[in-house]
Amino acid sequence: MKQLLTEKPRVLKMMDAAEQGIASPTEVLVKIKAAGICGSDVHIYNGTSPVATYPRVMGHEIVGVIAETGKDVTKVKTGDHVIVEQILSCGECYPCKIGRPNICCNLKVRGVHTDGGYREYITADQSAMHILPKTLSFTDAVMIEPMSIAFQACSRAGVKKEDTVFVLGAGALGKSIIRALLLSGATIIVADVEDKRLEEAASLGVKHLINSKKEDLAARLQELTKWGPSVSIDAAGFAGSLPLLTDVTCNAGRIITMAFLSEPSQVQQLKITAKELDIRGSRLQNNKFEEVIAAYNAGNISLEGAVSHVVPFSDALKAFEMIDSGDPNIKKIVFSF
């Protein structure tokens, strides 16, 4: 089979690899049909990921068809369309035992710590399989994984209808968070420095938009909320975003951080203590795939329109050249197999 190997940062090689085989009675073999390029894959490619190891077959947004099953598999059958969970946890550590395997002390993520989906076949335990409706295209199904990240952030924030939620950043992550927030009925405010991104947020249904390059962000938030947002979600992830959010979030508010920045953020503890702010990390997802699929099946969320470019896997190297070009029209690239 063919696989795309990241030998080291910025060195990609399309190569032949041994065919995958089922190693245990509960494993399945998945013929991959689509795999997305995530921002974290770009960081691994560029050598800026603080957690990845090399050489590595990247790809954790993995959609395919069950090609073969082990003798004890009961969850799926040959021919099922599936999305493959990205998390591998130990089940023994404290987070695992309290039901939070997404932050397992021995966590491994497909495509980051172990080989992922930029190859023609992958094997995994049946527990990692989530059945997809066959009416959903493989390309659009890739967006379930990013949506699961957004569902996790909203869950960590404890968003309720009564909340006013400020989303900092309207890029790919921000738009996924917006789609998830729309299910809550909460009031949503979105800020970005690009008008085009704000227009895309408006097309999703957001009414309160701030171009923080042109407007005084703090003043505009005060005008819209009086006391500040009760929840702030950082979908921009720059060194100054956390201190900014501690400034603008209301007393007793919740702040969700999602970035993997290695550089320190200078935050005044006074703001956190005086306001009794809850600052919560949100990583990957915890049992959110099924929630996203259920929301799609119920017609409550759309997964269409997020993918801007579909590239044949045989041209995978060109996809990363596209990313290097910095073309603003590139939103989401998906490999088709």
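Letter by letter, the sequence shown follows residues 108 to 444 in the working numbering.
Note that CB positions come from ideal geometry on N, CA and C, so glycine has one too.
The beta carbons of residue 283 and residue 253 sit closer together than 8 Å. In the structure shown, residue 127 adopts coil according to DSSP, grouped into three states. In this structure, residue 139 and residue 229 form a Cβ contact; the two beta carbons are roughly 6 Å apart against a cut-off of 8 Å. By the CB criterion at 8 Å, residue 285 and residue 298 fall outside the cutoff. Cβ neighbours of residue 311 within its own chain (closer than 6 Å, five residues either side excluded): 285.
With respect to the C-alpha of residue 164, the residue from 118, 177, 199, 131 having the closest C-alpha is 118.
Straight-line spacing of the CA atoms in residue 277 and residue 162 works out to 32 Å.
Here residue 365 has 256, 260, 280, 340, 341, 342, 344, 388, 389, 390 as same chain residues with Cβ atoms under 8 Å from its own Cβ, once five neighbours each way along the sequence are excluded. Between residue 440 and residue 288, the alpha-carbon positions lie close to 24 Å from each other. For residue 150, the uninterrupted alpha helix (DSSP H) run begins and ends at 146-153, by DSSP. In terms of Cα proximity to residue 207, the closest of 194, 359, 219, 218 is 194.
In the DSSP secondary-structure assignment, residue 443 is bridged to 141, 419. Straight across, the Cα-Cα distance linking residue 384 with residue 338 is about 10 Å.
Going by beta carbons, residue 275 and residue 352 fall inside the 8 Å limit.
Between residue 197 and residue 213, the beta carbon gap of about 4 Å places them in contact (Cβ cut-off 8 Å). Residue 199 and residue 211 have their C-alpha atoms roughly 9 Å apart. Counting other Cβ atoms within 10 Å of its Cβ, residue 405 stays below 16 and is therefore classed as exposed. Here DSSP, grouped into helix, strand and coil, assigns residue 110 to strand. Per the Cβ contact rule, the region 410-427 is in contact with the region 241-249 (3 or more Cβ pairs under 8 Å). Inter-residue distance for residue 141 and residue 291 is about 30 Å (C-alpha atoms, whole angstroms). Between the beta-carbon of residue 170 and that of residue 236 there is about 11 Å, and that puts the pair past the 8 Å contact cut.
In the assembly as shown, residue 147 is a buried residue. Its beta-carbon has 16 or more other beta-carbons within 10 Å. For the pair of segments examined, the region 219-226 was found not to touch the region 354-372: the number of CB pairs separated by less than 8 Å stays below three. Residue 180 is not a Cβ neighbour of residue 189, given a cutoff of 8 Å. Inclusion of residue 186 and residue 172 in the CB contact set at 8 Å is warranted, their separation being smaller than that value.
Cβ contact annotation for residue 157 (same chain, cutoff 7 Å, sequence separation greater than five): 367, 369, in chain order. Runs of the beta strand (DSSP E) lying entirely within the region 354-408 and spanning at least 3 residues, in chain order: 361-364, 385-388. The residue from 428, 258, 426, 421 with its alpha-carbon nearest to that of residue 123 is 421. Taken through DSSP and simplified to helix, strand or coil, residue 228 comes out as strand. With respect to the 8 Å criterion, residue 424 and residue 121 are classified as neighbours on the basis of their beta carbons. Excluding its 5 nearest sequence neighbours in each direction, residue 143 has C-beta neighbours in its own chain below 6 Å: 168, 249, 441, listed in chain order.
Distances from the CA of residue 238 to each of 374, 393, 397 were compared; the closest alpha carbon is that of 397. Close CB contacts of residue 378 within its chain, under the 6 Å cut and outside five residues either way in sequence, are with 353 (chain order).
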